[in-house]
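K.L.:
Questions regarding the structure given below will be posed in turn.
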Amino acid sequence: MTDQDFEQIFPTGAPNDAFAEFFTGQSFLAPLVTEGSVAVSNVTFEPGCRNNWHIHHASGGGGDQILICTAGSGWYQAEGEEPVSLEPGSVVRVPEGTKHWHGAKAGSWFSHLAFLTPGTDASNEWLEPVTDEIYGALPTA
Numbered sequence: 001m002t003d004q005d006f007e008q009i010f011p012t013g014a015p016n017d018a019f020a021e022f023f024t025g026q027s028f029l030a031p032l033v034t035e036g037s038v039a040v041s042n043v044t045f046e047p048g049c050r051n052n053w054h055i056h057h058a059s060g061g062g063g064d065q066i067l068i069c070t071a072g073s074g075w076y077q078a079e080g081e082e083p084v085s086l087e088p089g090s091v092v093r094v095p096e097g098t099k100h101w102h103g104a105k106a107g108s109w110f111s112h113l114a115f116l117t118p119g120t121d122a123s124n125e126w127l128e129p130v131t132d133e134i135y136g137a138l139p140t141a
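Its first residue numbered 1, the sequence shown is counted upward by one per residue in the UniProt record's numbering.
Right, here's the structure in full:
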């Protein structure tokens, strides 16, 4: 499958070059809401693409991330927990301060909407890549 064959309701966006160093594989980013207190983006992952382990930080409350799978099939995993399969309609709340990763299954493109809830001094702490050993042990579709 190519990105032209991947059907989704939101734009795929441009290659996510600004954050490429934090991804294994190619991702694409389409900002949908950039004004106001909640940023919303459509993030698309090619098969096998996943982001590094990371943590969203904020002080004074807020800083949660909400992921809503809109197309394809992917994974979400919080540190110390089992991976969660994501299909269209799946919703995950990632509490502020949770070490986690998300990305496409090896045999599927994957898109999710990412909502970042408002928080004071919000930031991302990018950590180590998800190893091929961990990722390779997951079902591919």
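Positions of the beta carbon are idealized from the N, C-alpha and C atoms, including for glycine. Since we're looking at a predicted model, the values are computed, not measured.
Ends of the beta strand (DSSP E) at D121?
P.N.:
Here residue 121 refers to the residue found at position 121 when the sequence shown is read from its first residue. Here the beta strand (DSSP E) through D121 covers T120 to W126.
K.L.:
So is G103 buried or exposed if we call it buried at 16+ other beta carbons inside 10 Å?
P.N.:
Here residue 103 is taken as the residue at index 103 of the sequence shown, counted from 1. That one is buried.
K.L.:
Under the DSSP definition of a beta bridge, which residues are partnered with T44?
P.N.:
For the purposes of this step, residue 44 is taken as the residue at position 44 of the sequence shown. T44 is bridged to F28 and S111.
K.L.:
Would you check if there are 3 or more beta carbon pairs closer than 8 Å linking the stretch 23-42 to the stretch 83-102?
P.N.:
These segments do not touch.
K.L.:
What residues in its chain sit with their C-beta under 7 Å from that of Y135, if we drop five residues either side in the sequence?
P.N.:
As a working mapping, residue 135 is identified with position 135 in the sequence shown. Once the five neighbours on either side are set aside, the close Cβ partners of Y135 are R50.
K.L.:
In or out: G80 buried (at least 16 other Cβ within 10 Å) or exposed?
P.N.:
By 1-based counting over the sequence shown, the position of residue 80 is 80. It counts as exposed.
K.L.:
Any idea which residues DSSP pairs L116 with across the strands?
P.N.:
Start at 1 with the first residue of the sequence shown, and residue 116 comes out as number 116. Paired residues: A39 and Q65.
K.L.:
Is it buried or exposed for G63, if we count other Cβ within 10 angstroms and need 16 for buried?
P.N.:
On the sequence shown, residue 63 is found 63 positions in, with the first residue counted as 1. Its Cβ being crowded by 16 or more others within 10 Å, G63 is buried.
K.L.:
Closest to S37 by C-alpha separation, out of F23, F19, L138 and T117, would be which residue?
P.N.:
Counting from 1 along the sequence shown, the entry for residue 37 is found at position 37. For the residues F23, F19, L138 and T117, the minimum Cα distance to S37 belongs to T117.
K.L.:
Would you say H112 and G60 are within 8 Å of each other, going by their C-beta atoms?
P.N.:
The count along the sequence shown starts at 1 and reaches residue 112 at position 112. The count along the sequence shown starts at 1 and reaches residue 60 at position 60. No, these two residues do not count as a Cβ contact at 8 Å.
K.L.:
Starting from G136 and walking both ways along the alpha helix (DSSP H), at which residues does that stretch end?
P.N.:
Your numbering for residue 136 matches position 136 in the sequence shown. It spans D132 to G136 - the alpha helix (DSSP H) in which G136 sits, taken as one unbroken run.
K.L.:
Taking all protein chains shown into account, do 16 or more other C-beta atoms lie within 10 angstroms of the C-beta of residue 147, making it buried, or fewer, making it exposed?
P.N.:
Nothing in the structure corresponds to residue 147, since the chain is present only between 1 and 141.
K.L.:
Helix, strand or coil for F6, going by three-state DSSP, please let me know.
P.N.:
Reading the sequence shown from its first residue, position 6 is the one you call residue 6. Correct three-state label for F6: coil.
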